[in-house]
Amino acid sequence: MKKYASLIKTVVDFPKPGIAFKDITPLLKDPKAVEACLAKMVADIQGPVDYVVGIESRGFIFGPLLAQKLGCGFVPIRKKGKLPRQTLAMAYDLEYGQDQLEMHCDALPHGANVVLHDDVLATGGTASAAVKLIEQLDGIVLHCHFLMTLSALGGREKLRAYPVDAVFNF
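Start counting the sequence shown at 1; every next residue gets the next number (this note's numbering).
Right under this line is the structure:
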């Protein structure tokens with residue numbers, strides 16, 4: 001996986017000064033890299049999974065592919081105002097501001113086994129808000145999986161009650 005890690009480029013001062021954004025678009029252009037990432041994700045996940053829940057927007061890239069590989073459904077969590085039906089909402093802090101996530105009220109059946117997926121685990125604010133939404137719908141978070149973690153930002157600490165894995169650790 002080391003050879004594929006170099007495809008993820010760091011963009012300094014994006015989306016605002018002081019942020020070192022990890023750009024995955026070069027990795028996405030390489031079909032072998034995408035397949036290797038998916039294989040690693042599938043290998044990390046244990047147990048029967050009913051749904052992969054992906055967080056907008058980059059969690060929508062690998063999330064549906066991961067769900068297909070696991071033979072389960074995909075459920076989106078979106079930013080405020082993007083879902084057309086009744087939603088649950090959860091506010092959270094970002095590395096560079098604040099935002100709100102929403103999920104359809106009927107997105108998960110009671111007791112659904114869920115893998116949460118997003119592209120990056122940074123401070124953990126987005127992922128912990130997503131976990132709270134899943135649990136409000138009585139979903140069971142089996143695993144939190146990310147394309148990459150930014151270890152220095154401490155996001156794993158906010159998810160310490162759950163198994164957390166990533167393809168790449170920076």
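We put the CB at the ideal spot given by N, CA and C, even for glycine.
Please look up how many angstroms separate the CB atoms of residue 73 and residue 119, rounded, as I've assumed it's under 8 Å.
Reading the sequence shown from its first residue, position 73 is the one you call residue 73. Reading the sequence shown from its first residue, position 119 is the one you call residue 119. Contact between residue 73 and residue 119 does not hold, since their C-beta atoms are separated by about 20 Å, which reaches or exceeds 8 Å.
Along the chain, where does the alpha helix (DSSP H) that runs through residue 156 open and close?
By one-based count along the sequence shown, residue 156 stands at place 156. Secondary structure note for residue 156: its alpha helix (DSSP H) is the uninterrupted segment 155-158.
Which residues in the same chain as residue 28 place their Cβ atom closer than 6 Å to its Cβ, once the five residues preceding and following it in sequence are excluded?
In the sequence shown, residue 28 corresponds to position 28, counting from 1. There are no such residues.
State the Cα-Cα distance for the pair residue 67 and residue 126, rounded to the nearest angstrom.
In the sequence shown, the residue the question calls residue 67 occupies position 67. In the sequence shown, the residue the question calls residue 126 occupies position 126. Those two C-alpha atoms are separated by around 20 Å.
According to DSSP, is residue 185 part of a helix, a strand, or is it coil?
No information on residue 185 is available, as it lies outside the stretch 1 to 170 that the chain covers here.
For a test of the three-state rule: what should DSSP assign to residue 2, helix, strand or coil?
Along the sequence shown, read from residue 1 onward, the residue named residue 2 stands at position 2. Secondary structure at residue 2: helix, using DSSP grouped into helix, strand and coil.
Tell me the DSSP secondary structure of residue 53 in three-state form.
Along the sequence shown, one-based indexing puts residue 53 at 53. Three-state DSSP puts residue 53 in a strand.
DSSP on residue 136, reduced to helix/strand/coil?
To locate residue 136, count along the sequence shown from 1; it is residue 136. Per DSSP, reduced to three states, the secondary structure at residue 136 is helical.
Looking only at C-alpha atoms, which of 25, 104, 31 sits nearest to residue 55?
Looking up residue 55 in the sequence shown gives position 55. Ranked by Cα distance from residue 55, the options 25, 104, 31 are led by 104.
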